[in-house]
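Q: Take this structure first; my questions come after.
Numbering (this note's numbering), first residue to last: 17 to 85.
Now the structure itself:
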């Protein structure tokens with residue numbers, strides 16, 4: 017589940033997007049459990065990722081392709 021979430025968060029089009037997404041997803045629960053709450057850290061992380069994907073649906077480093085007809 018974590019690898020799919022990292023690919024979706026980072027973007028499928030590049031190699032570096034999922035790698036950076038995996039690092040962010042790996043560190044985010046630790047920071048959230050230290051600063052916010054250890055009980056709600058994973059839920060806040062998933063909510064943050066959902067909000068981020070609403071703003072940037074291609075991912076963190078995803079490229080937007082325009083198809084000319």
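Ideal Cβ positions, reconstructed from N, Cα and C, are used throughout, including at glycine.
Quick one: what does DSSP say residue 53 is sitting in, helix, strand or coil?
A: Note: residue 53 maps to coil in three-state DSSP.
Q: Based on Cα-Cα distance, which residue from 18, 21, 58, 25 lies nearest to residue 73?
A: Per the Cα distances, 25.
Q: Can the beta-carbon of residue 67 be found closer than 8 angstroms to that of residue 57?
A: Cβ atoms of residue 67 and residue 57: not closer than 8 angstroms.
Q: With 16 other CB atoms within 10 Å as the buried threshold, where does residue 33 fall?
A: Buried.
Q: Tell me whether residue 20 sits in a helix, a strand or coil according to DSSP, three-state version.
A: Correct three-state label for residue 20: helix.
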